[in-house]
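Asks:
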Amino acid sequence: MSESPTTNNKQAALHQTLVGVGVLVLAALLAYGAMSISSEAGYAGVGPNFLPWVVAGALALCGVLLIVEAQRGSQPAVLEAPSGAERGDWRALAWMAAGLLANAALITTIGFVLSCALCFVLAVRGLRLSEGRPGGSVKDTLRDAGIGLALSAPVFWLFTKVLAISLPGLTSTGWI
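If you read the sequence shown in the working numbering, its first letter stands for residue 7, the second for the next number, and so on.
1. On the CB-based measure, 16 or more other CB atoms within 10 Å of its CB, does Val-168 come out buried or exposed?
2. Given that a residue counts as buried once 16 or more other Cβ atoms are within 10 Å of its Cβ, and exposed if not, what is Ile-171?
3. Classify Ser-143: buried if its beta carbon has 16 or more other beta carbons within 10 angstroms, exposed otherwise.
4. I believe Trp-96 touches Leu-128 by the beta-carbon criterion, under 8 Å. Please report the beta-carbon distance rounded to the nearest angstrom.
5. Could you pull the start and end residues of the alpha helix (DSSP H) that Glu-46 belongs to?
6. Kindly list the residues whose CB is nearer than 7 Å to the CB of Val-61, restricted to its own chain and excluding five residues on each side of it in sequence; keep chain order.
7. With 16 as the cutoff for other CB atoms within 10 Å, does Gln-22 come out buried or exposed?
8. To the nearest angstrom, how far is it from the Cα of Tyr-38 to the Cα of Arg-131?
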């Protein structure tokens with residue numbers, strides 16, 4: 007016996023509402039954590055708790071919007087099946103996890119720029135594998151490394167030179 011489209015829509019609305027409530031709970035937890043961070047003004051009058059409050063507010067807004075959309079019934083009559091594989095791709099997950107772990111393990115040894123570039127290379131390989139594509143040739147890996155360096159170097163310079171936030175560098179000059 008199959009369920010009617012109305013029952014499916016009610017279940018979908020309930021699930022979407024629960025996701026919105028979950029996002030609101032996450033926003034509340036982030037706001038609670040932000041309360042314990044010093045609000046003493048830093049650079050340009052902005053304290054270290056500014057960004058957590060912005061993110062908490064944005065999450066709360068998203069949670070409210072998700073709940074409103076779910077309650078309005080604005081979802082389609084028949085929800086499309088989710089895209090992607092039926093099962094998780096453990097090889098792809100392993101490459102992504104290796105990138106994060108390598109970044110954490112090597113950031114103080116080889117510096118922020120190189121460890122983030124390595125993380126990017128490994129994560130991209132995992133994403134390719136998750137799409138069913140080959141992990142990448144030597145040429146692809148070198149291109150990914152270049153892109154990783156092009157992304158991480160300006161972030162490093164922005165944080166260390168503009169915002170005066172200390173990040174581990176490869177040299178003592180502070181430029182890489």
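All C-beta atoms, glycine included, are put in the ideal place defined by N, C-alpha and C.
As the structure is a prediction and not an experimental result, all values here were calculated from the model.
Replies: So, to answer that:
1. exposed
2. exposed
3. exposed
4. With a Cβ gap of about 15 Å, Trp-96 and Leu-128 do not count as contacting.
5. First-last for Glu-46: undefined, no H or E at that position.
6. Leu-36
7. buried
8. 37 Å
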